[in-house]
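Residue numbers (the working numbering), protein chains in the order written: chain A, 120 to 362; chain S, 750 to 961. I have placed the structure first, in the form of structure tokens, so that the comments after it can refer back to it.
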């Protein structure tokens with residue numbers, strides 16, 4: 120019961136996380152007790168994806184920086200036996216079994232050997248499938264892993280909640296990025312326009328010229344793609360600039 | 750379209766009742782390996798098909814394409830009587846909490862992809878719509894852990910009710926999903942269909958449909 124309460128508390132805390140980095144740190148806090156000190160979760164890039172684009176597939180990552188650099192630089196994603204295994208059969212797999220079952224060749228074994236240099240000696244990976252049918256691969260490992268089958272259940276469920284939270288945050292970020300870029304002054308003018316103030320009244324409240332307040336409102340209207348002032352106010356509310 | 754029918758209403762339409770029980774047997778016994786439900790006539794039903802159960806039938810061209818069953822938690826249900834080891838402590842109960850069971854999509858309507866099919870997402874929109882209309886804002890679902898991610902993508906508030914365990918050929922985790930109008934908006938936007946999916950009437954009778 121105690122351990123289950125810990126899981127619930129972990130999920131409550133995830134809901135308060137505001138960046139994927141925080142989510143990742145919280146997840147590691149939970150997995151570390153099983154010796155799982157590194158996590159990588161992301162969609163699997165198609166073979167031949169340019170190195171520059173590979174990192175955009177990453178959702179959560181706490182690999183040693185040097186290892187991540189080497190992994191991308193040497194295009195290990197196309198050789199990694201764990202990635203290959205998950206692509207072929209999307210089920211949970213131990214790193215070692217993936218290597219042996221695929222009868223991994225020299226390059227694949229080199230990936231695993233290299234990982235060992237960075238204290239990534241043992242671990243497991245599992246797939247998650249989104250609504251759209253995209254496979255998200257989650258891989259957890261460390262130098263001295265000690266985990267029971269029940270522990271694997273706890274860790275995989277916790278990881279699923281963590282990735283769900285990271286996806287919610289990425290979506291929120293994407294919406295934020297698409298927001299027109301209003302200046303504080305433009306926002307302020309719109310706020311008063313929403314209160315029914317005229318350009319002259321706004322200029323008096325803010326201590327600026329009537330011409331300047333008119334200019335701020337015109338700029339805001341243009342940035343929001345609005346047809347008139349009422350429309351601009353509505354768009355500003357929709358985008359969360361004013362309430 | 751989704752038709753929400755009580756067990757009595759469904760039993761009056763023996764063609765549909767047979768189709769429902771045949772689909773349930775095919776998916777849960779033959780595909781997922783829940784052998785306790787195996788029946789010699791290949792029609793699956795259980796003690797929870799009582800008068801307060803509500804059956805959601807997703808119809809396509811007059812045929813059953815998807816199905817789910819809503820059970821009130823004010824009476825015994827799967828989590829209390831059958832799958833109790835999926836729940837740590839006391840499970841949620843109340844007039845605003847239903848248990849969603851036997852979620853199933855026919856093979857013909859799985860769209861051949863890994864994602865959620867259009868019938869699958871219609872069933873999801875269906876139970877949210879159905880719930881919001883009658884003050885139900887929480888459902889208990891025993892599903893594969895994979896579904897947790899999808900539930901979060903659809904902006905449900907999700908909480909596990911216990912540890913995951915193996916049933917038949919699957920890992921299953923009991924989860925409480927909480928939803929509101931915003932969830933319905935997200936579900937509808939994801940589907941690209943904003944019209945309600947619940948129908949008021951009865952599915953057309955096959956005989957009647959052929960004649961007209």
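Heads up, the beta-carbon is just placed ideally off N, CA and C, and yes, glycines get one too.
If you follow the beta strand (DSSP E) that residue 241(A) is part of, which residue opens it and which one closes it? 241-248
Between the stretch 860-874 of chain S and chain A, which residues of the former have CB atoms less than 7 Å from a CB of the latter, in chain order? 862, 863, 864, 865
Helix, strand or coil at residue 754(S) [DSSP, three-state]: strand
Could you please tell me which residues of the stretch 822-843 of chain S, in chain order, have their CB closer than 9 Å to any CB of chain A? 837, 838
If we cut at 7 Å on Cβ distances, does residue 243(A) have a partner in chain S? no
What number of angstroms, rounded off, separates the C-alpha of residue 926(S) from the C-alpha of residue 846(S)? 10 Å
Residue-chain proximity (residue 921(S), chain A), Cβ-Cβ < 7 Å: no
Going along chain S, which residues have a C-beta under 9 Å from residue 130(A)? 907, 908, 909
Count the other C-beta atoms from every protein chain shown that fall within 10 angstroms of the C-beta of residue 199(A), then say buried if there are 16 or more, exposed otherwise. buried
Helix, strand or coil, according to DSSP, for residue 268(A) in the structure here? helix
At least 3 beta-carbon pairs within less than 8 Å: the stretch 297-317 of chain A vs the stretch 751-764 of chain S: no
Bridge partners of residue 213(A), per DSSP? 243(A)
Top-ranked residue by Cα proximity to residue 778(S), from 791(S), 951(S), 930(S), 768(S): 791(S)
Apply the 10 Å Cβ neighbour rule to residue 885(S) and answer buried if 16 or more other Cβ atoms are within range, or exposed otherwise. buried
Applying a beta-carbon distance threshold of less than 8 Å, which residues of chain A neighbour residue 898(S)? 247, 248, 249, 255, 279, 282, 283, 286
Beta-carbon neighbours of residue 895(S), restricted to chain A and to distances below 9 Å: 246, 247, 248, 279
Does any CB atom of chain A fall closer than 7 Å to the CB of residue 887(S)? no
Residue 165(A) - DSSP class collapsed to helix/strand/coil: coil
Per DSSP, what kind of secondary structure is residue 816(S) in: helix, strand or coil? strand
Under 9 Å Cβ-Cβ, which residues of chain A neighbour residue 912(S)? 122, 123, 126, 269, 272, 273, 276
Delimiting residues of the alpha helix (DSSP H) encompassing residue 876(S): 867-882
Let me know if residue 887(S) comes out buried or exposed under the rule of 16 or more other beta-carbons within 10 Å of its beta-carbon. buried
Evaluate residue 875(S) with the Cβ neighbour count: other Cβ atoms within 10 Å of its Cβ, from every protein chain shown; 16 or more gives buried, anything less gives exposed. buried
Determine, using beta carbons only, whether residue 237(A) and residue 183(A) come nearer to each other than 7 Å. yes
For residue 850(S), which of helix, strand or coil comes out of DSSP? strand
With DSSP run on the structure shown, which of helix, strand or coil describes residue 120(A)? Low confidence applies to residue 120(A): its pLDDT is 46, below 50, so where it sits in the model is not reliable, and the reading given next is rough at best. Correct three-state label for residue 120(A): coil.
Please list, in chain order, the chain A residues whose beta carbon lies closer than 9 Å to that of residue 901(S). 279, 280, 282, 283, 284, 286, 287
Just grab the DSSP bridge partners of residue 892(S) for me. 922(S)
Under 8 Å between beta-carbons, which chain A residues line up against residue 918(S)? List them in chain order, please. Result: empty, since nearest Cβ-Cβ is about 11 Å, beyond 8 Å.
List the residues of chain A whose Cβ lies closer than 7 Å to the Cβ of residue 939(S), in chain order. 250
So, is residue 355(A) buried or exposed, given that buried needs 16 or more other C-beta atoms within 10 angstroms? buried
Span of the beta strand (DSSP E) around residue 332(A): Counting along the chain, residue 332(A) falls outside any beta strand (DSSP E), though it belongs to the alpha helix (DSSP H) covering 329-342.
Please classify residue 221(A): does DSSP put it in a helix, a strand, or coil? coil
Cβ shell of residue 71(A) (< 7 Å), same chain only, five flanking positions each side left out: Nothing about residue 71(A) can be read from this structure; chain A reaches only from 120 to 362.
Since residue 273(A) and residue 126(A) are thought to touch, with beta carbons under 8 Å apart, how far apart are those beta carbons, to the nearest angstrom? 6 Å
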